[in-house]
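J.: A single structure is presented below for examination.
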Amino acid sequence: MRQNPVLLVALLLLTFGAGCTGTPENATPAPVLHYERGDVSIPINTSEIPVKKFDINATEVIEILLADQRAGALLEGGWKIASVRTNYDYDLRTHVDVEFRSDEPSPSFFIEVDEREGQTGWGRCNAPRWLGGPFAGPYPEDYHQNRTFYHTYVFDHHNERVVMVYNETTIFYLYPSYGREWYESVEASG
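Each position in the sequence shown, counted from 1, maps to that position plus 7 in this note's numbering.
Below, the structure written as structure tokens:
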């Protein structure tokens, strides 16, 4: 059987060209940003953050995010930025969700960033909602959240503790120490 020389040349070019996908020598590496408050400085290497879905300028998104007190509370609490992804509002406007995860097993917390407006939006936890009672369904295995009129409480079933208390714009309590005074005052008055 006779081989086609054009096909052989094309395969050789593909074989030799397969390793030529490196970064150009004059490419600028992604900057390392810093969250800073007082004597706290936490570096954030934007090139290590996975960007999911559409083309997003992760550096610009993180710069906007670092001005938000919720991001500061999470970063100071040991949480890391796990991903940056495009999402849609109810009216199909796009925005960016920045996902935070803790080193210990926990649900994720998302903060919305509007690149066009240069500001953050609402935040939310992805733990399932569970209200209790006879019609609530089975008790969630790991975590659940309950929403009151003003706040949402996230519960850890493994350690029988409250992990977080938040609303759409503020994190009031984050285990183990952020906002403890506020949380204790809420418990005392409740």
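Glycine is no exception: its CB is placed at the ideal position from the N, C-alpha and C atoms.
If you're wondering where the values come from, they're calculated on a predicted model, not measured in any experiment.
1. Compare the beta carbon distance of F179 and V172 with 8 Å and say whether it is the shorter of the two.
2. I'd like the span of the alpha helix (DSSP H) that includes R77, first residue to last.
3. Going by beta carbon distance, what residues of the same chain come within less than 7 Å of P50, once the five residues before and after it are set aside?
4. Measure the C-alpha to C-alpha separation of W129 and D46 and round it to an integer number of angstroms.
5. Would you call the segment 58 to 69 in contact with the segment 80 to 87, where contact means no fewer than 3 C-beta pairs closer than 8 Å?
6. Could you tell me if Y97 is buried or exposed, where buried requires 16 or more neighbouring beta carbons within 10 angstroms of its beta carbon?
7. What residue range is occupied by the uninterrupted alpha helix (DSSP H) comprising T66?
8. Using 8 Å as the threshold, is the C-beta distance between I71 and Q126 below it?
T.: Here's the rundown:
1. Going by C-beta atoms, F179 is nearer than 8 Å to V172.
2. Note, R77: alpha helix (DSSP H), 76 to 83.
3. V39, H41
4. 28 Å
5. no
6. So Y97 ends up on the exposed side.
7. 65 to 72
8. yes
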